[in-house]
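Reading through the structure tokens given below for one structure.
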Amino acid sequence: MARWLSFFAEYNFQVEYKRGRLNVVADALSRRPDYAVHKADANAIGVARTSTPSSSLLDDVRSAYTKDADAKQLLDYFAAPSDKSRQKLAKHLRARVHRYREHNGLLLYSAVDDNADRVVVPDDHELKLRITYEYHDAPTSGHQGREKTYLLLTRDFYWSHQYKWVRKYVRTCEVCQRVKPAPFSQAPLQSLPTPPECWQSISMDFVFGLPPDNKRGTGIVVFVDRFSKMVHLAAVPAEVTAKQTARLFVDMVFRHHGMPINIVSDRDPRFTARFWQEVFELLGTQLPMSTADHPQTDGQTERVNRVLVDALKSYAHSFQY
Numbered sequence: 509m510a511r512w513l514s515f516f517a518e519y520n521f522q523v524e525y526k527r528g529r530l531n532v533v534a535d536a537l538s539r540r541p542d543y544a545v546h547k548a549d550a551n552a553i554g555v556a557r558t559s560t561p562s563s564s565l566l567d568d569v570r571s572a573y574t575k576d577a578d579a580k581q582l583l584d585y586f587a588a589p590s591d592k593s594r595q596k597l598a599k600h601l602r603a604r605v606h607r608y609r610e611h612n613g614l615l616l617y618s619a620v621d622d623n624a625d626r627v628v629v630p631d632d633h634e635l636k637l638r639i640t641y642e643y644h645d646a647p648t649s650g651h652q653g654r655e656k657t658y659l660l661l662t663r664d665f666y667w668s669h670q671y672k673w674v675r676k677y678v679r680t681c682e683v684c685q686r687v688k689p690a691p692f693s694q695a696p697l698q699s700l701p702t703p704p705e706c707w708q709s710i711s712m713d714f715v716f717g718l719p720p721d722n723k724r725g726t727g728i729v730v731f732v733d734r735f736s737k738m739v740h741l742a743a744v745p746a747e748v749t750a751k752q753t754a755r756l757f758v759d760m761v762f763r764h765h766g767m768p769i770n771i772v773s774d775r776d777p778r779f780t781a782r783f784w785q786e787v788f789e790l791l792g793t794q795l796p797m798s799t800a801d802h803p804q805t806d807g808q809t810e811r812v813n814r815v816l817v818d819a820l821k822s823y824a825h826s827f828q829y
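If you want the working numbering, it's the position in the sequence shown, counting the first as 1, plus 508.
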């Protein structure tokens, strides 16, 4: 208790009483990890912010407020806030009005005071479809799954029953149904031991057979940290050698994260080459390899390869017509 009193003594704040029915999130704050304040972490892996709302999209949101009864009530209240105008709000809005605010004609919503503000989307079916399209179907979004699409969308926008909307949208996406394989069940496998820290154990693999880029690269080398699942990718030619692979490892992994204790890979000739073996033997790094014809040993890298190929196929699909 003394430590907390000393901590709070550094701040000038005022305690404000809230009635129990209005303070509905108080007990949940210590149990909801999604309400926690996020801090930058060099080793953290998450969904990258690949989409941001355009000005034209926000203008359409402002225009749609005129057709939404709840949005009109809230905007009228924030235009002249008072106890009298608050009593005119609908009961379900009155209990949560402290979570909203108005900025440049937009309604912003926050679950708690220190949470990021999100633009409130009115009850407009076509507008919700357009917004979800930008965060799922756009080339920078890569037709991600339900959870990742929901995570991207809720960084910027909010509306009621948003998760159910995203789940239905992704489930009925024609491109996702066409290019992504159906999930399949697997027999129980013995997993590799979990490393204690980031970048102590990594896995790596190649993806070949892609259309050539402007540098004649038709493949991608994939490095995955087995602890944080952070991924590094680089385009490579089909004739990439063991020496070139070692150089990519130094530039993309060793330079940023240091030397791992072990590297899990398949039995690609580049990984079984004498040069590759001798370099890492001198550095003290183990090179465990998967059993022949058993790619499940390096399953996490194969999963990254599958997501990568799905994203590229989803993007290339729009150029086939």
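Ideal placement from N, C-alpha and C gives every residue a C-beta, glycine not left out.
When rounded, the separation of the alpha-carbon atoms in Ser711 and Val687 is 26 angstroms. Separation of Asp625 and Pro777 (C-alpha to C-alpha, rounded to the nearest whole angstrom) is 51 angstroms. Distance from the CA atom of Ala743 to the CA atom of Pro796, rounded to whole angstroms, is 24 angstroms. The C-beta distance from Tyr643 to Leu660 rounds to 5 angstroms, short enough to meet the 8 angstroms contact threshold. In the three-state DSSP reduction, Asn813 falls in the helix class (H, G or I). Rounded to the nearest whole angstrom, the C-alpha separation of Val817 and Val628 is 34 angstroms.
The beta carbon of Gly653 is closer than 7 angstroms to those of Val678 in its chain, skipping five residues each way along the sequence. DSSP places Glu610 in the uninterrupted beta strand (DSSP E) bounded by Tyr608 to His611. Burial check for Trp784: the Cβ neighbour count within 10 Å reaches 16 or more, so the residue is buried. Within its own chain, the residues whose Cβ lies closer than 8 angstroms to the Cβ of Ser593, once the five positions on either side in sequence are excluded, are Asp584 and Tyr585, listed in chain order.
Gln685 is not bridged by DSSP to any residue. Counted as a single uninterrupted DSSP element, the alpha helix (DSSP H) harbouring His644 occupies residues His633 to His644.
For a cut-off of 8 angstroms, the C-beta gap from Pro701 to Gly725 is around 34 angstroms, too long to register as a contact.
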